[in-house]
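In my numbering, the protein residues as written are 134 to 739.
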């Protein structure tokens, strides 16, 4: 019985965390507590994108301090980076050690600092810690740059509390470019000599397909329509490009027998519904905002894709950045008590690099940039109604993500991935390749070091520490390869077989052309017969309609004539009666006059 109780106590719970005063993982403890924010830059605590861009010699200082990243460690599991947002009055509860650990002192201990018995500390380990003096350049060089240079499939997740600078880290602003603009510039610079200007290869339902000419034309039309909807940001892109090229020296690959095609897509997960942010709006005037279509996430033979998702072919980093801004305008934002422009959904921006080699081999590199919505406490954000439902969906999906990471962490000594509950949320379903160790996973954790966010930061750091301790046993897939046999059967040593193959293709081509001509002739003949039949039916229908209309008109005309005749007859009869009465009166008057005249004549005679 006692053993059962002991096992239950050892089980991890998301409702009742362990006592922070006990470190059961025996992680290294710092010998000296240091202040993080002695030289913090004063910033407003209301903005979610305030961050210093002082491009310090961070890399050099880390190397001198001995806190550089170990290459052997990079090969074992996800990378978890911590970034601290600069604030005006930093808390005294946070500190770092020389070995890359974070120390958090409980709020109860600061109230009575003399009582060391009640002092509770928690220690968290990270791959690299970025303080308030670290700029966007160093964040990119540590987190994303090496993965793109090595051409690895990678998922970059920004996680943290609401208003801690997640979106700023990924996107930046008009002057300080974030991770995504720098990654786009890095990708297009690296493949500058290998870019193909026509979308002949596309990833459809997780399979690379060679497009026909008519499909290629359609893809170019969709591309032009969406780019026409994008805001003009040529001057802004040139300024960002100049800043990025001044911060980095991206290597350019030599021109090889490889054609590179780059596609981008942008999705939003709002209230556990998946929406496409790069859809082409319908061409209808005076129409209200169309209802968005919920897309379905499909898992097929270990491949995950979104059915019906729009993927756009881009030729430059400027076009990719324009589409990113267009998708941002369609995201769902709202104001809360913590953040005036809070994201109410998770969004994933994907860059697919498709390569077609002259040998017939096709390869794929995918880069996913995931901006997770901030975890919220309802008592601090003050959300009600629809905002409350959004917060519940956000917290639920983040809880499922934490469960997946915890399950992956518990599988260090097991070889069974079915227990990872990635199907419990749309977010984890979409990112399951990274959660299962098939792709690289890098997590950028952002926190706001203030006393009022102590509990939220504690949960965020606990979440990140789980991801840091994961060890994947699966072999990472750097590139997804596909070979088309029709392109690689050619061999210079087998000329006879090639000639036979060419002759068979020509004969097959001739037969197909003849069959095509016959089908076209049959189709044209059938269409002509249908047209004649339709014309006859329409003519008969029109004649019947005309006859029926003429008959109805004649009937209405006759009825109208009859009504007018009756009216005129009634009028004539009334006039006749009136005049007859007048005639009778006149006759009476005549008779009276005659009688009076006769009387006068008699009197005169007498």
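We put the beta carbon where it would ideally sit given N, CA and C, even for glycine.
For a quick check, are the C-beta atoms of residue i and residue j less than 9 Å apart?
i: residue 748; j: residue 561; result: What the structure shows of the chain is the stretch from 134 to 739, and residue 748 is not part of that stretch, so it cannot be assessed.
i: residue 99; j: residue 507; result: Nothing can be reported for residue 99, as the shown portion of the chain is limited to 134 through 739.
i: residue 440; j: residue 396; result: no
i: residue 575; j: residue 290; result: yes
i: residue 312; j: residue 259; result: no
i: residue 332; j: residue 438; result: no
i: residue 293; j: residue 602; result: no
i: residue 390; j: residue 499; result: no
i: residue 479; j: residue 454; result: no
i: residue 348; j: residue 567; result: no
i: residue 359; j: residue 442; result: no
i: residue 465; j: residue 403; result: yes
i: residue 489; j: residue 392; result: yes
i: residue 278; j: residue 381; result: yes
i: residue 522; j: residue 280; result: no
i: residue 484; j: residue 497; result: no
i: residue 563; j: residue 407; result: yes
Identify whether residue i lies in helix, strand or coil by the three-state DSSP scheme.
i: residue 293; result: strand
i: residue 562; result: helix
i: residue 100; result: Nothing about residue 100 can be reported from this structure: the residues present for the chain run from 134 to 739 only.
i: residue 487; result: strand
i: residue 477; result: coil
i: residue 356; result: helix
i: residue 660; result: helix
i: residue 451; result: helix
i: residue 363; result: coil
i: residue 460; result: helix
i: residue 603; result: coil
i: residue 667; result: helix
i: residue 683; result: helix
i: residue 691; result: helix
i: residue 465; result: coil
i: residue 643; result: helix
i: residue 383; result: coil
i: residue 543; result: coil
i: residue 533; result: helix
i: residue 221; result: coil
Bridge partners of residue i, per DSSP?
i: residue 409; result: 400
i: residue 433; result: 436
i: residue 328; result: 393
i: residue 335; result: 342
i: residue 508; result: 294
i: residue 216; result: 263 and 579
i: residue 482; result: 399 and 502
i: residue 287; result: 500 and 573
i: residue 310; result: 305
i: residue 445; result: 397
i: residue 719; result: The partner list for residue 719 (beta bridge, DSSP) is empty, contrary to what the question assumes.
i: residue 428; result: 407
Go through its chain and collect everything with a Cβ distance to residue i's Cβ below 7 Å, but skip five positions before and after it.
i: residue 458; result: 363, 364 and 366
i: residue 329; result: 392, 393 and 394
i: residue 386; result: 323, 324, 326 and 327
Grab me the residues of residue i's own chain with a C-beta within less than 6 Å of its C-beta, minus the 5 sequence neighbours each way, in chain order.
i: residue 598; result: 257
i: residue 450; result: 317, 318 and 321
i: residue 540; result: 552 and 553
i: residue 140; result: Annotation note: pLDDT 45 at residue 140 (below 50); position unreliable, no value reported.
i: residue 338; result: 438
Given the structure, does residue i come close to the ligand GDP, in the sense that its CB is under 8 Å from one of the ligand's heavy atoms?
i: residue 260; result: Ligands displayed in this structure: none; no statement on the ligand GDP is therefore possible.
Near residue i, which residues of its chain fall below 8 Å by C-beta distance, leaving aside the five closest residues on each side in sequence?
i: residue 456; result: 359, 360, 363, 397, 399, 411, 445 and 447
Inset, instruction - Inspect the CB distances between the region 313-333 and the region 522-536 and report whether three or more fall short of 8 Å. - result: Verdict: no, contact absent.
Inset, instruction - Decide yes or no for the touch test of the region 426-437 against the region 553-573: beta carbon pairs closer than 8 Å, at least 3 of them. - result: The region 553-573 and the region 426-437 touch, with three or more beta-carbon pairs separated by less than 8 Å.
Inset, instruction - Flag this pair as touching only if the region 262-279 and the region 296-311 have three or more C-beta atom pairs under 8 Å; answer yes or no. - result: Yes, they touch.
Inset, instruction - Would you check if the region 564-580 and the region 590-598 touch, i.e. whether three or more CB-CB distances between them fall below 8 Å? - result: The answer is yes - the region 564-580 touches the region 590-598, with three or more Cβ pairs under 8 Å.
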